[in-house]
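Counted the way my numbering counts, the sequence shown spans residues 416 to 934. By construction, the Cβ of each residue, glycine as well, lies at the ideal position given by its N, Cα and C atoms.
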Amino acid sequence: MRPGGPSKKYGGRLVLLLLLVGLLPALPGGLEARLQAQTTLDAPAPAHPLQWTTRVDPGVATRVEAVLSRPFMDRVHWGVFLLDPSEGTVLYERNPDLPFVPASNMKVPVTWAALELLDPTHRFRTVLHAAAPPRDGVVQGDLVLRGNGDPSLGEPFHRSADAALEALARRVTEAGVRRVEGALVVDASAWDSPSVPTGWLVGNLPGRPAATGGAFSVGNGVLEVEVTGGTAEGSPARVAWRPLGTSDFVENRVRTVGAGGPAEVEALYLPESRRWVLEGTLPPGARRTLIRSQRDPVRQAAHGLLRALEGEGVAVRDGVRLVWDRDASPTHAVEVARLESPPLMELIRAILEPSQNWMTEQLVRALGELHGEEGSWEEGFGVIARQLEQELGVDSLDVHFRDGSGLAGYNLITPRALTRILAQARTRPWGPEYRAAMATPGNAEGTLTNRLHDLRGQVFAKTGSITHVNTLSGYLETVDGRELIFIVLTNAGNQSASRIRAGIDDVVRAMALYLPSGR
416 MRPGGPSKKY GGRLVLLLLL VGLLPALPGG LEARLQAQTT LDAPAPAHPL
466 QWTTRVDPGV ATRVEAVLSR PFMDRVHWGV FLLDPSEGTV LYERNPDLPF
516 VPASNMKVPV TWAALELLDP THRFRTVLHA AAPPRDGVVQ GDLVLRGNGD
566 PSLGEPFHRS ADAALEALAR RVTEAGVRRV EGALVVDASA WDSPSVPTGW
616 LVGNLPGRPA ATGGAFSVGN GVLEVEVTGG TAEGSPARVA WRPLGTSDFV
666 ENRVRTVGAG GPAEVEALYL PESRRWVLEG TLPPGARRTL IRSQRDPVRQ
716 AAHGLLRALE GEGVAVRDGV RLVWDRDASP THAVEVARLE SPPLMELIRA
766 ILEPSQNWMT EQLVRALGEL HGEEGSWEEG FGVIARQLEQ ELGVDSLDVH
816 FRDGSGLAGY NLITPRALTR ILAQARTRPW GPEYRAAMAT PGNAEGTLTN
866 RLHDLRGQVF AKTGSITHVN TLSGYLETVD GRELIFIVLT NAGNQSASRI
916 RAGIDDVVRA MALYLPSGR
């Protein structure tokens, strides 16, 4: 039996006694049978944070089951878990060991593993090397950047992707460099070359949620394209994009039509030529802004850095060269300049609170490079899965990775496994910061802005939402100030996300009313 598994001793007797004396209300939907199987009067909970005693609370169970049995809610697949970690007591569970598609709750195991393996103070370092120290402002030979997937090269840590590249270029000029007698070499050989994981749908690829990354990538993997109609009918439309890499990355085929004409612009990515093509029409002066995934992130970041160096007055004789093959990786060892990221905990706040996909995927591959064989999704998933098994005893059948952000509909995790992660995180020195990094009701920066306002200050949670999946997990303070860990995973409801979220929120409200026996 799993640690914390149910004990049947005295359970049925307690339920029968409560029913006889009238203390337990009528129980919906087979709840009485579940309580008879789960309720226990065992001795005080063990001290280990991952060894739990199941002692279903009748009040919580009645309130939660009342929500789950409502019309429409009773058609949803629910995975629910509620733990009092200070007592080591499971207060409620529904399908605790069944795997569910978690959506963005997949960010919880990724960020937890990163903190465990890298430490909250870890900083990514984007370093430029040369074969020898610069002399009289000149680098003899190539200036080499070894990509390590720094997720901070853009907002919110820099004003923009271009600003991040400019900051890196300034580090070069601050080192006294004015000329490179070779190429700007971006060495991406420690990472694999795919820019998206295999679990994403083709329809996801153009948009912001599927922003693409790599060993050297900037701007959260997003391309911002601004198209403006020309001065008169027949004149060419104007186009600008950020970050600006190669000059032909966006081809403009948008025509200016007469005033009152259609304003329709479509962006198509052509992988064979690595460029975006804009088609459509705009009236004079009309403006459209398109947000798209970069799709060729490493090449564009490399050319963007070249532009930034030239903007700072650094001449690079041989332009840009990319290295994808480890056998061709340069061995230059003299550091010329570096740009450091904020501490990892700040990066994780920027992931969890707004549910940032691109940064999460960068983190997965970075873990693969630092603790596996290469910066790839498969290596990163292996690193995280091993950490879950070794540290938390999470079985391989309890979790299945197809991406880190939760955009893929093929990820799986059980409510119990998620609970174990959050329970162990709570015991770490960085636990309070991790909790604070999650979304909170009413916070304009997070994903709970418009939810659970009546529990403001009591809920710290990770949201999740993709088609037919809505989830919420995290930490909950009850009416008497007790901290609980809660998991609510819903799949296959075939209803509007707003209706399912309302049901989830009512489950959390039902949990928040928990009071220990005798209080």
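For the region 762-774 and the region 859-868, state whether three or more C-beta atom pairs, one from each stretch, are separated by less than 8 Å. yes
In this structure, how does DSSP classify Val771 when only helix, strand and coil are distinguished? Within the sequence shown, numbered from 1, the residue matching residue 771 stands at position 356. Here residue 771 turns out to be Gln, not Val, going by the sequence shown. Of the three classes helix, strand and coil, the one that applies to Gln771 here is coil, per DSSP.
Quick one: what does DSSP say Pro621 is sitting in, helix, strand or coil? Numbered from its first residue, the sequence shown carries residue 621 at position 206. Residue state, collapsed to three classes: coil.
Can you list, in chain order, the residues of its chain whose CB lies under 8 Å from that of Gly787, leaving out five sequence neighbours each side? Numbered from 1 along the sequence shown, position 372 holds the residue referred to as residue 787. The residues are Glu794, Gly795, Gly797, Val798.
Can you tell which of Met521, Glu531, Asp602, Ala730 has its C-alpha closest to the C-alpha of Leu743? Position 328 of the sequence shown, counted from the first residue, corresponds to residue 743. It is Ala, not Leu, that sits at residue 743 in the sequence shown. Closest by alpha carbon: Asp602.
Do Gly790 and Gly556 count as a contact pair if the criterion is CB distance below 8 Å? Stepping through the sequence shown from its first residue, residue 556 is reached at position 141. Stepping through the sequence shown from its first residue, residue 790 is reached at position 375. Cβ atoms of Gly556 and Gly790: not closer than 8 Å.
Just to confirm before moving on: does the CB-CB distance between Val751 and Ala545 stay below 8 Å? Position 336 of the sequence shown, counted from the start, is the residue given in the question as residue 751. Position 130 of the sequence shown, counted from the start, is the residue given in the question as residue 545. Yes, Cβ-Cβ distance for Val751 and Ala545 is below 8 Å.
Measure the Cβ-Cβ separation of Asn635 and Trp773 and say whether it is below 8 Å. Translated into positions along the sequence shown, residue 635 becomes position 220. Translated into positions along the sequence shown, residue 773 becomes position 358. Their beta carbons are under 8 Å apart, which means Asn635 touches Trp773 by this criterion.
State the beta-bridge partners of Phe496 as determined by DSSP. Numbered from 1 along the sequence shown, position 81 holds the residue referred to as residue 496. Glu508, Ile902.
Among Thr627, Trp493, Gly503, Ala579, whose alpha-carbon lies nearest the alpha-carbon of Leu721? Here residue 721 refers to the residue found at position 306 when the sequence shown is read from its first residue. The option with the nearest alpha carbon to Leu721 is Ala579.
Rounded to whole angstroms, what's the CA-CA distance from Pro548 to Leu724? Just pull it up for me. The residue given as residue 548 occupies position 133 in the sequence shown. The residue given as residue 724 occupies position 309 in the sequence shown. Cα to Cα, the separation comes out at about 18 Å.
Taking just the CA atoms, how far does Ala832 sit from Gly918? The sequence position of residue 918 within the sequence shown is 503, counting from 1. The sequence position of residue 832 within the sequence shown is 417, counting from 1. Roughly 22 Å between the two C-alpha positions.
Assuming contact is defined by CB atoms lying nearer than 8 Å, are Ala854 and Thr878 in contact in what I supplied? Here residue 854 refers to the residue found at position 439 when the sequence shown is read from its first residue. Here residue 878 refers to the residue found at position 463 when the sequence shown is read from its first residue. Closer than 8 Å, so yes.
By the three-class DSSP mapping on this structure, what secondary structure does Arg593 have? As a position in the sequence shown, residue 593 is number 178, starting the count at 1. Note: Arg593 maps to coil in three-state DSSP.
What number of angstroms, rounded off, separates the C-alpha of Gly569 from the C-alpha of Ile706? Residue mapping note: residue 569 aligns to position 154 of the sequence shown, counting from 1. Residue mapping note: residue 706 aligns to position 291 of the sequence shown, counting from 1. Computed Cα separation, rounded: 15 Å.
May I ask which residues mark the beginning and end of the alpha helix (DSSP H) holding Ser913? Taking the first residue of the sequence shown as position 1, residue 913 is located at position 498. 912-927 is the span of the alpha helix (DSSP H), which, as asked, contains Ser913.
Can you give me the start and stop residues for the alpha helix (DSSP H) that Ala723 sits inside? Residue numbering aside, residue 723 sits at position 308 when the sequence shown is read from its first letter. Taken as a continuous stretch (DSSP letters only), the alpha helix (DSSP H) holding Ala723 covers 712-726.
I'd like to know whether the C-beta atoms of Arg668 and Leu693 end up nearer to each other than 8 Å. By one-based count along the sequence shown, residue 668 stands at place 253. By one-based count along the sequence shown, residue 693 stands at place 278. In this structure, Leu693 lies closer than 8 Å to Arg668 by Cβ.
Tell me the rounded alpha-carbon separation between Thr905 and Val642. Here the question's residue 905 lines up with position 490 in the sequence shown. Here the question's residue 642 lines up with position 227 in the sequence shown. Going from the Cα of Thr905 to the Cα of Val642 covers about 40 Å.
Report yes if the C-beta distance between Met521 and Ile828 is below 8 Å; otherwise report no. Residue mapping note: residue 521 aligns to position 106 of the sequence shown, counting from 1. Residue mapping note: residue 828 aligns to position 413 of the sequence shown, counting from 1. Cβ atoms of Met521 and Ile828: closer than 8 Å.
DSSP three-state label for Val672, please. In the sequence shown, the residue the question calls residue 672 occupies position 257. DSSP places Val672 in coil when its eight states are reduced to three.
Residue from Arg753, Thr842, Gly824, Arg741 whose Cα sits closest to the Cα of Ala590: Residue mapping note: residue 590 aligns to position 175 of the sequence shown, counting from 1. Minimum Cα distance to Ala590 is reached at Arg753.
Helix, strand or coil for Ser811? Go by DSSP, reduced to three states. As a working mapping, residue 811 is identified with position 396 in the sequence shown. Helix at Ser811.
Unbroken alpha helix (DSSP H) runs of length 4 or more, entirely within the region 520-571: which are they? 522-533
Would Gly821 and Ala518 qualify as a contact pair, given that the criterion is a beta-carbon distance under 8 Å? Counted from its first residue, the sequence shown places residue 821 at position 406. Counted from its first residue, the sequence shown places residue 518 at position 103. Yes. Within cutoff.
On a CA-only basis, which of Ser484, Pro699, Ala630, Pro621 is nearest Val637? Give me that one, please. What you label residue 637 is simply residue 222 of the sequence shown in a count that begins at 1. It is Pro621.
When the Cα of Gly644 is compared with those of Val633, Arg703, Glu666, Ala605, which residue comes out closest? Counting from one through the sequence shown, the residue named residue 644 turns up at place 229. Residue Arg703 is the option with its Cα nearest to Gly644.
Report back the beta-carbon spacing between Ile836 and Trp527 to the nearest angstrom; my notes put them in contact at under 8 Å. Numbered from its first residue, the sequence shown carries residue 836 at position 421. Numbered from its first residue, the sequence shown carries residue 527 at position 112. That belief holds up - the Cβ atoms of Ile836 and Trp527 are roughly 5 Å apart, short of 8 Å.
Rank Thr613, Asp607, Gly700 by C-alpha distance to the C-alpha of Arg653 and give the top, closest one. For this step, residue 653 is matched to residue 238 along the sequence shown. Looking at the Cα atoms, Gly700 is the closest of the given residues.
Less than 8 Å between the CB atoms is what I'm expecting for Val553 and Arg594, so what's the real figure, rounded? Counting from one through the sequence shown, the residue named residue 553 turns up at place 138. Counting from one through the sequence shown, the residue named residue 594 turns up at place 179. Indeed they touch by this definition, with Cβ atoms about 5 Å apart.
Name the residue from Trp845, Arg710, Tyr929, Val495 whose alpha carbon lies nearest to the alpha carbon of Pro967. As displayed, the chain neither begins before 416 nor continues past 934, which places residue 967 out of reach and without an answer.
Pair within 8 Å by beta-carbon distance, Pro712 and Thr775: Looking up residue 712 in the sequence shown gives position 297. Looking up residue 775 in the sequence shown gives position 360. Taking 8 Å as the Cβ cut-off, Pro712 and Thr775 do not qualify as a contacting pair.
Given that a residue counts as buried once 16 or more other Cβ atoms are within 10 Å of its Cβ, and exposed if not, what is Tyr825? Sequence index remark: in the sequence shown, residue 825 carries index 410 (1-based). Flag for Tyr825 reads exposed.
Cβ-based neighbour list, Arg485, same chain, cut-off 8 Å, excluding 5 preceding and 5 following: Sequence index remark: in the sequence shown, residue 485 carries index 70 (1-based). If we look at Arg485 and ignore the five residues flanking it on each side, its Cβ neighbours are Gly918.
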